[in-house]
Amino acid sequence: MEVAIEVDNKNIKTIGDLPKEIMCLVFGNLTNPEDLKNAWNTCILWNDILDERKQEFLLPNILPHLQAYLSAGHIYKCRKVSKSWKEGVDSFLRTTKSRTFISSISSLTDYMHFRWVMWYPDERNPFPSGKFMFGKLVTDSFLVEDEEPESNQLYRMFPLVASRFGNYIYQLIYCFGGSCSASPLQLREIPRYLLNLKDLMFVELFEGTTQTESVREIIESFPTYGLNMEKLTTFRCYIHNGLPVMKAILKQYSSQLEQLNCFGSCLYAETFSDNQLSGLKILKVWRCNFSLFEDNYSILSGLFLKVLKLEFTDEFIEESKIVRLINALPKSIINLVLRYAHDSGPEACLNENFEDLQPCPNLKCLTISSRFWNKPALLSKFLIKLGGGIEHLKFSCQSYIMDFHRDLNNSYAKWVAKVLFGNCPRLQSLEFQKPNRLDFLYDSVIKIHRISRSNVVP
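91 is the number that this note's numbering gives to position 91 of the sequence shown; each next residue is one higher, with no gaps.
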């Protein structure tokens, strides 16, 4: 017997009729990102309910990949997308180091993960940012570690990576280790396959044990025609005994270099002779002994530098010597950095003995020792003596742990700033900074405090 029951549509309930609070609990059991993605693509209602879960799963999965396509500056602009993006990007930037923005192979495990890309038929580019770090593990304290016992095997993989993807790489960071005897043999692959290379950097173990003689032999055997690094404009050599490497690079590529970064031990007086670095615009030297300039202050005078950075290892340098050095520098310099590498430096970069100081007409930005800050009247005379065109004055603090609000008096800083702004009408800002020990590229600082003219002078 059949019984017909009339069903009222009003009695039918669907999942969409559940309160939002219940739906949140239901969706709370979804932990697979793929399931979440399918859920928020189902309808507008579900998408709205899962809005909080997007921040939990979507952002952490997207941000690590953005670094391969966007620079740090462009990622920072992603903060403007929404509140969730702002919080996610801020967290990402706080926990991300410089190496995150560089595709890296620093172990055999990394190489095995990388291999699946190499055999894709669509010629997929594993270096969308064009930046590639190969070799040893670079830690957050910019020390290169050799902790892989099979590291020599890793270096033998470089020719395969270079031959297949060399055209995609424009910045190469090649990390050496003292125990790696195979690595110099792979350097010949750089000019052979990385034909679009613009930026080449060599970095080694912190103790400086790389056998540079074997590296030099390979570099000197680079082809002088045909296969060549014709686009190379930047060379950075952070090898403590890297003088042979520097000589070999300059022998073939000096005329096309626009930027040179290195340790002071990589330089020699003849480096800047014979006009071989005629196109150099930026020179940055870390851990440089002033003895390099003792007999010839004018070794840099023949260059048309825009940026010059010298970090001295000397405990003390006489004021007269600093004056002679500044007077001999190219007048084309816009940004000048003179600082000390050690925490214990002289009381000031200069004292009263700068009457012979000659103007630097194009100088806009100057970085000097923070200890010069204690004599504002003298500092004003010094700036005026340089020509009065300086717009930004930066103070290099020696201590890595200095805290402005703890170690300096804020009201005193504003008083000194007002004195300087009053005597130097073109001066726009004062800034305290210290070296960033977390930057293995040796080229960034931490801004401790900044005072602008608009905040002091009405």
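Positions of the beta carbon are idealized from the N, C-alpha and C atoms, including for glycine.
Could you have a look at residue i and say whether DSSP puts it in helix, strand or coil?
| i | result |
| --- | --- |
| Leu441 | coil |
| Pro435 | strand |
| Arg324 | helix |
| Thr313 | coil |
| Leu267 | coil |
| Thr139 | Unreliable positioning characterises Thr139 in this predicted model, as indicated by a pLDDT of 48, which lies under 50. The coordinate reading is nonetheless provided below. Coil. |
| Ser221 | coil |
| Gly198 | Checking the sequence, you will find Lys at residue 198 rather than Gly. Of the three classes helix, strand and coil, the one that applies to Lys198 here is coil, per DSSP. |
| Lys131 | strand |
| His392 | strand |
| Leu300 | helix |
| Ser399 | coil |
| Arg453 | helix |
| Tyr238 | strand |
| Ile282 | strand |
| Thr233 | coil |
| Ser82 | coil |
| Ser163 | helix |
| Thr42 | coil |
| Leu243 | helix |
| Asn32 | coil |
| Lys447 | strand |
| Arg188 | coil |
| Ser261 | Reading off the sequence shown, one finds Asn at residue 261, where the question assumed Ser. Here Asn261 sits in strand by DSSP. |
| Arg287 | strand |
| Ile75 | helix |
| Tyr170 | coil |
| Arg371 | helix |
| Asn125 | coil |
| Ser255 | helix |
| Asn366 | Correcting the residue type first, residue 366 is Leu in the shown sequence and not Asn. Looking at Leu366 - three-state DSSP - the assignment turns out to be strand. |
| Ser103 | strand |
| Asn228 | coil |
| Leu305 | coil |
| Arg339 | strand |
On the CB-based measure, 16 or more other CB atoms within 10 Å of its CB, does residue i come out buried or exposed?
| i | result |
| --- | --- |
| Ala512 | Because residue 512 is not part of the residues shown, which for the chain are 1 to 458, the question remains open. |
| Glu318 | exposed |
| Phe304 | exposed |
| Pro346 | For Pro346, the predicted structure reports a pLDDT of 47, less than 50, and the residue's modelled location is therefore unreliable. A value from the coordinates is still provided. Label assigned to Pro346: buried. |
| His113 | exposed |
| Ser103 | buried |
| Pro19 | exposed |
| His240 | buried |
| Leu300 | buried |
| Lys77 | exposed |
| Tyr340 | buried |
| Val323 | buried |
| Arg236 | buried |
| Asp35 | exposed |
| Cys349 | Bear in mind that the predicted position of Cys349 carries a pLDDT of just 48, short of 50, making it too unreliable to give a figure here. |
| Thr233 | buried |
| Asn265 | In the sequence on display, residue 265 carries Ser and not Asn. When all chains shown are included, Ser265 counts as buried. |
| Thr490 | Since the first residue shown for the chain is 1 and the last is 458, residue 490 is missing from the structure and cannot be characterised. |
| Asp403 | exposed |
| Thr109 | exposed |
| Ile44 | exposed |
| Asn38 | exposed |
| Ile401 | exposed |
| Phe316 | exposed |
| Lys291 | The amino acid at residue 291 is misidentified as Lys; the sequence shows Ser. Its Cβ having fewer than 16 others within 10 Å, Ser291 is exposed. |
| Tyr253 | buried |
My assumption, with CB atoms under 8 Å, is that residue i sits in contact with residue j. Please give the rounded CB distance.
| i | j | result |
| --- | --- | --- |
| His392 | Glu431 | 7 Å |
| Phe127 | Tyr168 | 5 Å |
| Trp373 | Phe395 | 6 Å |
| Val419 | Pro376 | 5 Å |
| Tyr238 | Val203 | 4 Å |
| Leu308 | Leu336 | 6 Å |
| Met201 | Leu243 | That pair is no contact at about 17 Å. |
Between residue i and the ligand HEM, is there a pair consisting of the residue's CB and a ligand heavy atom that are separated by less than 7 Å?
| i | result |
| --- | --- |
| Lys414 | In terms of ligand content, the structure shown is empty, and the ligand HEM therefore cannot be addressed. |
Would residue i pass as an interface residue toward chain E - the criterion being a Cβ-Cβ separation below 8 Å?
| i | result |
| --- | --- |
| Tyr155 | The question asks about chain E, but that chain is absent: this structure has only one protein chain. |
Spell out a yes or no on whether the stretch 435-444 and the stretch 356-363 are touching, meaning 3 or more CB-CB pairs, one atom from each, closer than 8 Å. no
Three or more beta-carbon pairs under 8 Å between the stretch 187-204 and the stretch 229-246, yes or no? yes
Between the stretch 125-134 and the stretch 77-86, are three or more C-beta pairs nearer than 8 Å? no
Is it the case that the stretch 445-453 contacts the stretch 275-288, given that we only count it when at least three CB pairs across the two stretches are under 8 Å? no
Three or more C-beta pairs under 8 Å: does that hold for the stretch 314-329 against the stretch 258-277? no
Runs of alpha helix (DSSP H) lying entirely within the stretch 404-431, each at least 4 residues, in chain order: 404-407, 410-423
Report yes or no: do the stretch 156-163 and the stretch 416-433 share at least 3 C-beta pairs separated by less than 8 Å? no
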